[in-house]
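Residue numbers (the UniProt record's numbering): 1 to 318.
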(Lines of atoms letter the chains of each structure in order from A and count residues from 1; the text may use other names and numbers.)
(Lines give C-alpha, C1' and ligand atoms only; values in the text may rest on other atoms or scores of the structure.)
Protein backbone atom coordinates (compact mmCIF):
# COMPACT_ATOMS: atom_id res chain seq x y z
CA UNK A 1 0.00 0.00 0.00
CA UNK A 2 3.00 2.34 0.47
CA UNK A 3 3.55 2.38 -3.26
CA UNK A 4 -0.07 3.39 -3.83
CA UNK A 5 0.39 6.28 -1.39
CA UNK A 6 3.51 7.35 -3.30
CA UNK A 7 1.50 7.30 -6.52
CA UNK A 8 -1.22 9.40 -4.85
CA UNK A 9 1.32 12.00 -3.61
CA UNK A 10 3.06 12.18 -7.01
CA UNK A 11 -0.26 12.58 -8.85
CA UNK A 12 -1.23 15.36 -6.43
CA UNK A 13 2.11 17.13 -7.04
CA UNK A 14 1.90 16.88 -10.83
CA UNK A 15 -1.91 17.28 -11.13
CA UNK A 16 -1.72 14.66 -13.89
CA UNK A 17 -1.90 10.87 -13.98
CA UNK A 18 0.24 10.75 -17.12
CA UNK A 19 2.92 13.05 -15.62
CA UNK A 20 2.85 11.01 -12.40
CA UNK A 21 3.31 7.83 -14.46
CA UNK A 22 6.28 9.33 -16.30
CA UNK A 23 7.96 10.21 -13.02
CA UNK A 24 7.26 6.80 -11.47
CA UNK A 25 7.93 4.68 -14.55
CA UNK A 26 4.28 3.62 -14.84
CA UNK A 27 1.68 3.86 -17.55
CA UNK A 28 -1.21 6.28 -17.12
CA UNK A 29 -3.63 3.36 -16.80
CA UNK A 30 -1.47 1.82 -14.04
CA UNK A 31 -1.54 5.12 -12.11
CA UNK A 32 -5.30 5.35 -12.56
CA UNK A 33 -5.75 1.74 -11.36
CA UNK A 34 -3.63 2.35 -8.25
CA UNK A 35 -5.51 5.53 -7.36
CA UNK A 36 -8.81 3.73 -7.81
CA UNK A 37 -7.66 0.86 -5.57
CA UNK A 38 -6.53 3.34 -2.90
CA UNK A 39 -9.86 5.21 -3.09
CA UNK A 40 -11.74 1.93 -2.65
CA UNK A 41 -9.58 0.95 0.30
CA UNK A 42 -9.97 4.34 2.03
CA UNK A 43 -13.64 4.75 1.08
CA UNK A 44 -13.18 8.28 -0.32
CA UNK A 45 -12.69 10.01 -3.66
CA UNK A 46 -9.20 11.52 -3.78
CA UNK A 47 -9.39 13.31 -7.15
CA UNK A 48 -11.97 15.24 -9.14
CA UNK A 49 -11.73 14.06 -12.77
CA UNK A 50 -12.64 16.35 -15.64
CA UNK A 51 -11.67 14.76 -18.94
CA UNK A 52 -7.93 14.25 -18.76
CA UNK A 53 -7.46 16.80 -16.02
CA UNK A 54 -7.41 15.82 -12.36
CA UNK A 55 -7.46 17.86 -9.19
CA UNK A 56 -7.54 16.97 -5.53
CA UNK A 57 -10.94 16.60 -3.92
CA UNK A 58 -11.64 17.95 -0.46
CA UNK A 59 -10.92 14.49 0.98
CA UNK A 60 -7.77 14.27 -1.15
CA UNK A 61 -6.44 17.57 0.24
CA UNK A 62 -7.26 16.46 3.77
CA UNK A 63 -5.48 13.11 3.38
CA UNK A 64 -2.45 14.34 1.41
CA UNK A 65 -0.47 15.47 4.46
CA UNK A 66 -1.19 12.18 6.23
CA UNK A 67 -0.02 10.21 3.19
CA UNK A 68 3.19 12.24 3.08
CA UNK A 69 3.70 11.54 6.80
CA UNK A 70 3.19 7.78 6.34
CA UNK A 71 5.72 7.73 3.47
CA UNK A 72 8.27 9.72 5.49
CA UNK A 73 7.82 7.36 8.45
CA UNK A 74 8.28 4.32 6.24
CA UNK A 75 11.47 5.75 4.72
CA UNK A 76 12.81 6.45 8.21
CA UNK A 77 12.11 2.84 9.18
CA UNK A 78 14.01 1.64 6.12
CA UNK A 79 16.92 3.88 7.01
CA UNK A 80 17.09 2.40 10.51
CA UNK A 81 16.92 -1.13 9.08
CA UNK A 82 19.73 -0.34 6.65
CA UNK A 83 21.83 1.04 9.51
CA UNK A 84 21.22 -2.10 11.58
CA UNK A 85 22.12 -4.21 8.57
CA UNK A 86 25.38 -2.29 8.19
CA UNK A 87 26.18 -2.80 11.88
CA UNK A 88 25.47 -6.52 11.54
CA UNK A 89 27.72 -6.76 8.48
CA UNK A 90 30.61 -5.22 10.43
CA UNK A 91 30.02 -7.22 13.64
CA UNK A 92 32.86 -9.58 14.64
CA UNK A 93 32.86 -13.07 13.14
CA UNK A 94 33.44 -15.78 15.75
CA UNK A 95 35.52 -18.59 14.24
CA UNK A 96 36.24 -21.85 16.03
CA UNK A 97 39.31 -23.86 14.98
CA UNK A 98 41.02 -27.04 16.06
CA UNK A 99 44.71 -26.67 16.85
CA UNK A 100 46.07 -28.22 13.66
CA UNK A 101 43.93 -25.82 11.62
CA UNK A 102 45.26 -22.89 13.68
CA UNK A 103 48.83 -23.99 13.01
CA UNK A 104 48.33 -24.92 9.35
CA UNK A 105 45.36 -23.73 7.33
CA UNK A 106 44.17 -20.69 9.26
CA UNK A 107 47.15 -18.29 8.98
CA UNK A 108 47.13 -18.39 5.17
CA UNK A 109 43.36 -18.02 5.02
CA UNK A 110 43.45 -15.01 7.39
CA UNK A 111 46.20 -13.48 5.26
CA UNK A 112 43.92 -13.76 2.21
CA UNK A 113 41.10 -12.26 4.29
CA UNK A 114 43.24 -9.32 5.42
CA UNK A 115 44.31 -8.58 1.83
CA UNK A 116 40.69 -7.79 0.95
CA UNK A 117 40.84 -4.53 2.93
CA UNK A 118 38.33 -3.37 5.54
CA UNK A 119 36.57 -6.47 6.87
CA UNK A 120 34.92 -7.42 10.19
CA UNK A 121 37.10 -8.39 13.14
CA UNK A 122 37.80 -12.14 13.46
CA UNK A 123 37.60 -13.73 16.90
CA UNK A 124 39.43 -17.09 16.81
CA UNK A 125 38.24 -19.61 19.44
CA UNK A 126 40.31 -22.80 19.98
CA UNK A 127 38.86 -26.17 20.87
CA UNK A 128 38.34 -29.81 19.95
CA UNK A 129 35.79 -30.56 17.22
CA UNK A 130 33.20 -31.85 19.71
CA UNK A 131 33.55 -28.66 21.75
CA UNK A 132 33.28 -26.44 18.67
CA UNK A 133 30.13 -28.24 17.54
CA UNK A 134 28.54 -27.56 20.92
CA UNK A 135 29.47 -23.87 20.70
CA UNK A 136 28.02 -23.65 17.18
CA UNK A 137 24.82 -25.22 18.45
CA UNK A 138 24.72 -22.64 21.27
CA UNK A 139 25.23 -19.84 18.69
CA UNK A 140 28.48 -18.81 20.39
CA UNK A 141 30.31 -19.37 17.08
CA UNK A 142 29.44 -18.44 13.50
CA UNK A 143 31.57 -21.15 11.90
CA UNK A 144 34.27 -23.63 12.84
CA UNK A 145 37.21 -25.25 11.05
CA UNK A 146 37.05 -28.79 12.39
CA UNK A 147 36.77 -32.50 11.66
CA UNK A 148 33.47 -33.52 10.08
CA UNK A 149 31.02 -34.53 12.85
CA UNK A 150 30.56 -38.30 13.03
CA UNK A 151 26.93 -37.75 14.08
CA UNK A 152 26.14 -35.96 10.82
CA UNK A 153 25.60 -32.30 10.00
CA UNK A 154 22.75 -30.59 11.92
CA UNK A 155 19.89 -29.33 9.75
CA UNK A 156 20.50 -25.69 10.65
CA UNK A 157 24.17 -25.86 9.60
CA UNK A 158 26.13 -26.36 6.39
CA UNK A 159 29.33 -28.36 5.88
CA UNK A 160 32.07 -27.62 3.34
CA UNK A 161 34.98 -30.06 3.00
CA UNK A 162 38.38 -28.38 2.72
CA UNK A 163 40.78 -31.34 2.59
CA UNK A 164 41.32 -34.98 3.47
CA UNK A 165 44.17 -34.95 5.97
CA UNK A 166 46.19 -38.18 6.39
CA UNK A 167 47.75 -39.54 9.56
CA UNK A 168 51.31 -40.83 10.02
CA UNK A 169 53.13 -42.61 12.82
CA UNK A 170 55.89 -40.77 14.68
CA UNK A 171 58.51 -41.86 17.21
CA UNK A 172 61.57 -40.24 18.79
CA UNK A 173 64.46 -39.63 16.44
CA UNK A 174 66.70 -42.65 15.91
CA UNK A 175 64.07 -45.28 16.76
CA UNK A 176 64.21 -48.19 14.31
CA UNK A 177 61.77 -50.86 13.23
CA UNK A 178 58.21 -50.87 11.94
CA UNK A 179 55.09 -49.34 13.43
CA UNK A 180 54.32 -52.73 14.95
CA UNK A 181 57.77 -52.72 16.58
CA UNK A 182 57.06 -49.28 18.02
CA UNK A 183 53.72 -50.48 19.39
CA UNK A 184 55.41 -53.43 21.09
CA UNK A 185 58.32 -51.54 22.60
CA UNK A 186 57.23 -47.94 23.27
CA UNK A 187 54.40 -46.33 25.28
CA UNK A 188 51.62 -44.92 23.09
CA UNK A 189 50.89 -41.18 23.40
CA UNK A 190 47.36 -40.90 22.11
CA UNK A 191 44.62 -38.46 21.28
CA UNK A 192 41.75 -38.29 23.72
CA UNK A 193 39.44 -41.07 22.54
CA UNK A 194 36.42 -38.81 23.12
CA UNK A 195 37.61 -36.53 20.31
CA UNK A 196 36.83 -37.18 16.64
CA UNK A 197 40.52 -37.58 15.78
CA UNK A 198 41.14 -39.86 18.75
CA UNK A 199 38.25 -42.09 17.78
CA UNK A 200 39.67 -42.43 14.23
CA UNK A 201 43.04 -43.51 15.62
CA UNK A 202 41.44 -45.99 18.02
CA UNK A 203 39.46 -47.60 15.18
CA UNK A 204 42.63 -47.88 13.11
CA UNK A 205 44.50 -49.62 15.94
CA UNK A 206 41.68 -52.13 16.43
CA UNK A 207 41.28 -52.78 12.70
CA UNK A 208 44.98 -53.60 12.33
CA UNK A 209 45.21 -55.42 15.68
CA UNK A 210 47.91 -53.10 16.97
CA UNK A 211 47.96 -53.65 20.73
CA UNK A 212 49.62 -50.60 22.25
CA UNK A 213 51.29 -49.95 25.58
CA UNK A 214 49.13 -47.20 27.02
CA UNK A 215 51.09 -44.11 27.97
CA UNK A 216 49.58 -40.64 28.07
CA UNK A 217 46.17 -39.59 26.67
CA UNK A 218 45.49 -35.91 25.99
CA UNK A 219 43.58 -33.48 23.79
CA UNK A 220 46.18 -31.31 22.07
CA UNK A 221 48.16 -32.79 19.14
CA UNK A 222 50.89 -30.18 19.55
CA UNK A 223 51.51 -31.46 23.09
CA UNK A 224 51.52 -35.04 21.76
CA UNK A 225 54.27 -34.03 19.34
CA UNK A 226 56.29 -32.46 22.16
CA UNK A 227 55.98 -35.61 24.26
CA UNK A 228 57.23 -37.76 21.40
CA UNK A 229 60.13 -35.36 20.92
CA UNK A 230 60.86 -35.77 24.64
CA UNK A 231 61.13 -39.54 24.00
CA UNK A 232 58.06 -40.40 26.07
CA UNK A 233 56.64 -42.73 23.43
CA UNK A 234 55.26 -42.94 19.90
CA UNK A 235 52.00 -41.69 18.41
CA UNK A 236 49.75 -41.35 15.35
CA UNK A 237 49.14 -37.74 14.32
CA UNK A 238 47.92 -35.70 11.33
CA UNK A 239 50.71 -35.30 8.77
CA UNK A 240 50.32 -31.52 8.63
CA UNK A 241 51.13 -31.27 12.35
CA UNK A 242 54.73 -32.18 11.62
CA UNK A 243 55.03 -30.15 8.44
CA UNK A 244 54.49 -32.95 5.91
CA UNK A 245 52.54 -32.26 2.71
CA UNK A 246 48.88 -33.13 2.80
CA UNK A 247 49.43 -36.35 0.83
CA UNK A 248 51.16 -37.66 3.96
CA UNK A 249 53.90 -39.52 2.04
CA UNK A 250 57.31 -38.78 3.53
CA UNK A 251 60.23 -39.51 1.26
CA UNK A 252 62.08 -42.66 2.28
CA UNK A 253 65.75 -43.29 2.91
CA UNK A 254 67.55 -46.49 1.99
CA UNK A 255 66.67 -47.90 5.39
CA UNK A 256 62.96 -47.54 4.75
CA UNK A 257 62.46 -44.69 7.20
CA UNK A 258 61.18 -41.20 6.53
CA UNK A 259 63.82 -38.75 5.39
CA UNK A 260 64.16 -36.01 8.03
CA UNK A 261 62.87 -32.57 7.13
CA UNK A 262 63.33 -29.25 8.85
CA UNK A 263 59.92 -29.48 10.51
CA UNK A 264 60.41 -33.12 11.66
CA UNK A 265 64.17 -33.36 12.18
CA UNK A 266 63.73 -34.54 15.76
CA UNK A 267 61.10 -37.25 15.16
CA UNK A 268 61.04 -40.44 13.11
CA UNK A 269 58.11 -40.70 10.65
CA UNK A 270 56.54 -43.79 9.08
CA UNK A 271 53.46 -44.11 6.87
CA UNK A 272 50.61 -46.26 8.19
CA UNK A 273 50.00 -49.59 6.50
CA UNK A 274 46.73 -50.61 4.94
CA UNK A 275 43.98 -48.30 3.72
CA UNK A 276 44.93 -44.65 4.30
CA UNK A 277 43.81 -43.25 7.62
CA UNK A 278 42.46 -39.77 6.93
CA UNK A 279 40.22 -37.24 8.57
CA UNK A 280 37.88 -34.90 6.71
CA UNK A 281 38.77 -31.34 7.62
CA UNK A 282 36.27 -28.65 6.71
CA UNK A 283 34.09 -25.73 7.76
CA UNK A 284 30.83 -26.10 9.64
CA UNK A 285 28.78 -22.90 9.49
CA UNK A 286 25.40 -21.90 10.85
CA UNK A 287 22.90 -21.24 8.05
CA UNK A 288 21.85 -17.97 9.69
CA UNK A 289 25.49 -16.77 9.72
CA UNK A 290 25.74 -17.44 5.98
CA UNK A 291 23.29 -14.59 5.40
CA UNK A 292 26.19 -12.24 6.23
CA UNK A 293 28.27 -11.68 3.10
CA UNK A 294 31.60 -11.48 5.02
CA UNK A 295 31.03 -15.01 6.38
CA UNK A 296 30.73 -16.35 2.84
CA UNK A 297 33.87 -14.44 1.89
CA UNK A 298 35.79 -15.98 4.80
CA UNK A 299 34.69 -19.46 3.77
CA UNK A 300 35.98 -18.76 0.27
CA UNK A 301 39.34 -17.66 1.71
CA UNK A 302 39.53 -20.94 3.64
CA UNK A 303 38.65 -22.90 0.50
CA UNK A 304 41.25 -21.07 -1.59
CA UNK A 305 43.95 -21.66 1.03
CA UNK A 306 43.08 -25.37 1.21
CA UNK A 307 43.35 -25.64 -2.57
CA UNK A 308 46.70 -23.89 -2.52
CA UNK A 309 48.02 -26.19 0.21
CA UNK A 310 46.80 -29.44 -1.31
CA UNK A 311 47.37 -28.58 -4.97
CA UNK A 312 44.52 -30.95 -5.75
CA UNK A 313 41.15 -29.41 -6.58
CA UNK A 314 39.58 -32.84 -6.27
CA UNK A 315 40.26 -32.91 -2.52
CA UNK A 316 38.29 -29.75 -1.90
CA UNK A 317 34.51 -29.49 -2.02
CA UNK A 318 33.25 -26.97 -4.52
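Ideal Cβ placement from N, Cα and C applies to all residues, glycine included.
Beta-carbon contacts of residue i that lie in its chain and below 8 Å, excluding the five residues immediately before and after
i: residue 2; result: 70, 71 and 74
i: residue 35; result: 4, 7, 8, 11, 17, 46 and 47
i: residue 123; result: 92, 93, 94 and 95
i: residue 23; result: 10 and 14
i: residue 296; result: 290
i: residue 113; result: 119, 122, 297, 298 and 301
i: residue 132; result: 96, 97, 98, 125, 141, 144, 146 and 284
Local conformation of residue i per DSSP, three classes
i: residue 230; result: coil
i: residue 33; result: helix
i: residue 112; result: helix
i: residue 158; result: strand
i: residue 278; result: strand
i: residue 147; result: strand
i: residue 287; result: coil
i: residue 25; result: coil
i: residue 56; result: strand
i: residue 6; result: helix
i: residue 44; result: coil
i: residue 16; result: coil
i: residue 269; result: strand
i: residue 124; result: strand
i: residue 165; result: strand
i: residue 71; result: helix
i: residue 198; result: helix
i: residue 193; result: coil
i: residue 130; result: helix
i: residue 187; result: strand
i: residue 140; result: coil
Same chain, Cβ closer than 6 Å to residue i, neighbours up to 5 away in sequence not counted
i: residue 266; result: 173 and 229
i: residue 64; result: 12
Classification of residue i by the beta-carbon crowding that lies within 10 angstroms, buried from 16 upward
i: residue 198; result: buried
i: residue 117; result: exposed
i: residue 168; result: buried
i: residue 309; result: buried
i: residue 240; result: buried
i: residue 55; result: exposed
i: residue 222; result: exposed
i: residue 126; result: exposed
i: residue 77; result: exposed
i: residue 41; result: exposed
i: residue 104; result: buried
i: residue 282; result: buried
i: residue 142; result: buried
i: residue 238; result: buried
i: residue 101; result: buried
i: residue 115; result: exposed
i: residue 67; result: buried
i: residue 97; result: buried
For residue j and residue i, believed in contact at Cβ under 8 Å, the rounded distance
i: residue 60; j: residue 20; result: Between residue 20 and residue 60 the Cβ distance is about 13 Å, and since that is not below 8 Å, they are no contact.
i: residue 158; j: residue 287; result: 6 Å
i: residue 205; j: residue 212; result: 6 Å
i: residue 153; j: residue 284; result: 7 Å
i: residue 147; j: residue 279; result: 5 Å
i: residue 290; j: residue 145; result: Contact flag wrong, Cβ pair sits at about 15 Å.
i: residue 196; j: residue 130; result: 7 Å
i: residue 277; j: residue 166; result: 7 Å
i: residue 236; j: residue 201; result: 5 Å
i: residue 272; j: residue 175; result: Not confirmed; about 16 Å, so no contact.
i: residue 299; j: residue 193; result: About 30 Å; that fails the 8 Å criterion.
Cβ-based neighbour list, residue i, same chain, cut-off 7 Å, excluding 5 preceding and 5 following
i: residue 215; result: 187, 188, 189, 232 and 233
i: residue 99; result: 126, 220, 221 and 222
i: residue 274; result: 208
i: residue 29; result: none
i: residue 32; result: 17
Minimum Cβ-Cβ distance from residue i to chain C less than 8 Å
i: residue 27; result: Of the protein chains in the structure, only one exists, and it is not chain C.
| query | With contact counted as at least three CB pairs below 8 Å, one residue from each stretch, are the segment 177-187 and the segment 131-146 in contact? | reply | Contact between the segment 177-187 and the segment 131-146 is not established, with fewer than three Cβ pairs separated by less than 8 Å.
| Below 8 Å, can you find three or more Cβ-Cβ pairs linking the segment 297-306 to the segment 109-116? | Verdict: yes, contact present.
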